[in-house]
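These notes concern the structure reproduced below.
2 protein chains.
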Amino acid sequence: MFKIKVVKTVTGKREEKKEVLRQALVKAAGHRISKLGLGGLRARDIAKDAGCALGSLYTVFTDIDELILHVNSNTLSKLGVVMEAAARRVDSPQDVLVALANEYLKFATENRNIWAALFDHRIPEGAGEPEWHVAEHLVLMRGITIPLARLLPTLNENQLAVQARILFAAVHGIVSIGLHGHFVAVPRRDLESQLTQFIKRIIVGYQSSSNKVDNIDLENE
Amino acid sequence: MFKIKVVKTVTGKREEKKEVLRQALVKAAGHRISKLGLGGLRARDIAKDAGCALGSLYTVFTDIDELILHVNSNTLSKLGVVMEAAARRVDSPQDVLVALANEYLKFATENRNIWAALFDHRIPEGAGEPEWHVAEHLVLMRGITIPLARLLPTLNENQLAVQARILFAAVHGIVSIGLHGHFVAVPRRDLESQLTQFIKRIIVGYQSSSNKVDNIDLENE
DNA sequence: GAATAAAAATGAACAATGTTCAAAATAAAG
DNA sequence: CTTTATTTTGAACATTGTTCATTTTTATTC
Chain A
39 MFKIKVVKTV TGKREEKKEV LRQALVKAAG HRISKLGLGG LRARDIAKDA
89 GCALGSLYTV FTDIDELILH VNSNTLSKLG VVMEAAARRV DSPQDVLVAL
139 ANEYLKFATE NRNIWAALFD HRIPEGAGEP EWHVAEHLVL MRGITIPLAR
189 LLPTLNENQL AVQARILFAA VHGIVSIGLH GHFVAVPRRD LESQLTQFIK
239 RIIVGYQSSS NKVDNIDLEN E
Chain B
39 MFKIKVVKTV TGKREEKKEV LRQALVKAAG HRISKLGLGG LRARDIAKDA
89 GCALGSLYTV FTDIDELILH VNSNTLSKLG VVMEAAARRV DSPQDVLVAL
139 ANEYLKFATE NRNIWAALFD HRIPEGAGEP EWHVAEHLVL MRGITIPLAR
189 LLPTLNENQL AVQARILFAA VHGIVSIGLH GHFVAVPRRD LESQLTQFIK
239 RIIVGYQSSS NKVDNIDLEN E
């Protein structure tokens, strides 16, 4: 049993403080978004909430967008946890898909603004979001792929990945438009049962022999 | 004494000019959004493109959001036209639904920014969008309801309306996430066939006797 | 047609907000 | 404790939506 001496600086006060500040800023931004939505976010407010000067924000993040990115990263992490927990509560692949969809609806309903920020946030101009953050969105796929593989045993990995994205996108669309008021919304109390019914229909479609998955080559995407 | 102004303005030059300016502003804003997206819209640019002073914009619209609203109104109108045309090109309700979905994908692909503005635009604070504009979104439903009624003959009008919204939302989600880069996207050339397959599966689900539409009371929404 | 009144167009000024930077404060090293 | 390096600070800057006093245009009256 040896101790590795990682101690170069005895205190390491600088990095420690910076990390504390980073967390405080992400937390403050998260609270603001939760309360007021992405549109209600102000650099000055975040700094005040986090107890630092306006300029300090820019010593930790290059701009507000990067800060929002980290808030979204946290949200995806939380979402991943509840989705995986939901998947574990049932057994059959059918039930898992239904449970995942309803858990997604539940999370979106109970965390409206912070969830909406995941999809409302737009990177300003040229370069898109960093690779690591794009990859984080895959937590939304992971839970879906496993039950899907059991329902569609003839698909290879790439084909499964595509089907998972399509199914997630459909569910996301229903939840998104269901909660947003673009249309006369589906009554909130019906949304859950409609979503369940929708998933069941898709599953029936998967199992229909007259409607097998096309054998399109998806290898080289 | 009071004079009643029984004026019949012979020329009506004022309203005419105002209408011309209104059109010019909407057109200019539309072009900017098409090229640069909602985020690239600047009041000063719009005014310059429309050939008026910055302040004139605010004599026609109360703010930029109202102008965007009118751009979106135009977009919905165009979308409605192509969707109805697409529906008329085929016969069976199955084919109509497939055609509508693919037409929607096509429109979104070919008019990315102006289409995205329909859903990206957020009204700033309290009061939501005006009633007349919310109602315009129903053009997206109209084409769907007719074939759906033939596939689901037991549903009443309200239930059909709900199913149409659910189906549209699912398609919209697939198109939206398919075109956006949140995830490693489904390859664009596969999106159309995936969408077609998806619609066919849903239709199979509709027709499955083991999965009838729940008899939830949807009357009082 | 000229004079007058009403309305609209104008663009400078204002306010809000993201970002930068020279100066002050703080931490690390000697 | 002194010196040096780094960080924090908040005033200043740049951009952008919106307003408003002034100017210009349009309509009405004689």
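Chains as they are written, first to last, in the numbering used here: chain A, 39 to 259; chain B, 39 to 259. Beta carbons: idealized from backbone N, C-alpha and C, even for Gly.
Can you tell me whether DSSP reads P131/A as helix, strand or coil? helix
Inter-stretch contact (C-beta, 8 Å, three-pair minimum) for the stretch 205-219 of chain B and the stretch 210-217 of chain A: yes
Same chain, Cβ closer than 8 Å to I20/B, five either side skipped, listed in chain order: In this structure chain B extends from 39 to 259, so residue 20/B is not present and cannot be described.
C-beta neighbour in chain B for I215/A, strict 7 Å: yes
Inspect the CB distances between the stretch 143-157 of chain B and the stretch 113-127 of chain B and report whether three or more fall short of 8 Å. yes
Which of helix, strand or coil does DSSP assign to E57/B? helix
Within 10 angstroms of its Cβ, does V242/B collect 16 or more other Cβ (buried), or is it exposed? buried
Contact criterion: CB-CB distance below 7 Å. Does R263/A meet it with respect to chain B? There is no way to answer for residue 263/A, as the model of chain A reaches only from 39 to 259.
Chain-ordered chain B contacts of D129/A [CB-CB under 8 Å]: Within chain B, no residue comes near D129/A; the closest Cβ sits about 19 Å away, beyond 8 Å.
Does DSSP classify N110/B as helix, strand or coil? helix
Would you identify the three-state DSSP class for R160/B, choosing helix, strand or coil? coil
Backbone CA spacing between G93/B and A62/B [nearest angstrom]: 15 Å
Can you tell me whether DSSP reads P191/B as helix, strand or coil? coil
Please confirm if I161/B has its CB atom under 7 Å from at least one CB of chain A. no
Inspect the CB distances between the stretch 131-149 of chain B and the stretch 216-236 of chain B and report whether three or more fall short of 8 Å. yes
Can a CB atom of chain B be found closer than 7 Å to the CB of H108/A? no
Between the stretch 80-90 of chain A and the stretch 121-128 of chain A, do three or more beta carbon pairs fall short of 8 Å? no
Decide if H89/B is buried, meaning its Cβ has at least 16 other Cβ atoms within 10 Å, or exposed. Looking at the sequence provided, one finds Gly at residue 89/B rather than His. Classification of G89/B: exposed, given that the 10 Å Cβ count is below 16.
Below 8 Å on the Cβ atoms is my contact criterion, and I expect I182/B with L135/B to pass it. Report the Cβ-Cβ distance as a whole number of Å. 7 Å
For the alpha helix (DSSP H) holding F99/A, just list the boundary residues, first then last. No alpha helix (DSSP H) contains F99/A, which DSSP labels as neither H nor E.
Would you report the Cα separation of D133/B and I237/A, rounded to the nearest angstrom? 22 Å
Leaving out five residues on either side along the sequence, give the residues of the same chain with a beta carbon under 7 Å from the beta carbon of E141/A. V120, M121 and A124
Taking H171/A as part of the alpha helix (DSSP H), name the residues at either end of that continuous run. E169 to E174
How about R180/A: is its C-beta nearer than 7 Å to some C-beta of chain B? no
Presumed contact (8 Å Cβ cut-off) between I240/B and L205/B, rounded CB distance: 7 Å
Cβ neighbours of H175/B in the same chain (closer than 7 Å, five flanking residues each side left out): L114
Along the chain, where does the alpha helix (DSSP H) containing G243/A start, and where does it finish? R226 to Q245
Between E169/A and S111/A, what straight-line distance do the alpha-carbon atoms span, to the nearest angstrom? 12 Å
So which residues of chain B does F236/A contact, with C-beta pairs closer than 9 Å? I204, L205, A208, I240 and G243
Step through the CB atoms of chain A and report whether any lies within less than 7 Å of the CB of D255/B. Residue placement at D255/B cannot be trusted, given a pLDDT of 40 that sits under 50; the coordinates are not used to answer.
Quick check on DSSP: helix, strand or coil for L79/B? coil
So, is the C-beta of S246/A closer than 7 Å to a C-beta in chain B? yes
Suppose the cutoff is 8 Å on Cβ atoms and the five residues either side in sequence are ignored; what does the same chain contact list for A91/A look like? A85
DSSP three-state call for N149/B: helix, strand or coil? coil
Using a Cβ-Cβ distance under 7 Å, would E53/A count as near chain B? no
What's the C-alpha gap between E104/B and D158/B? 14 Å
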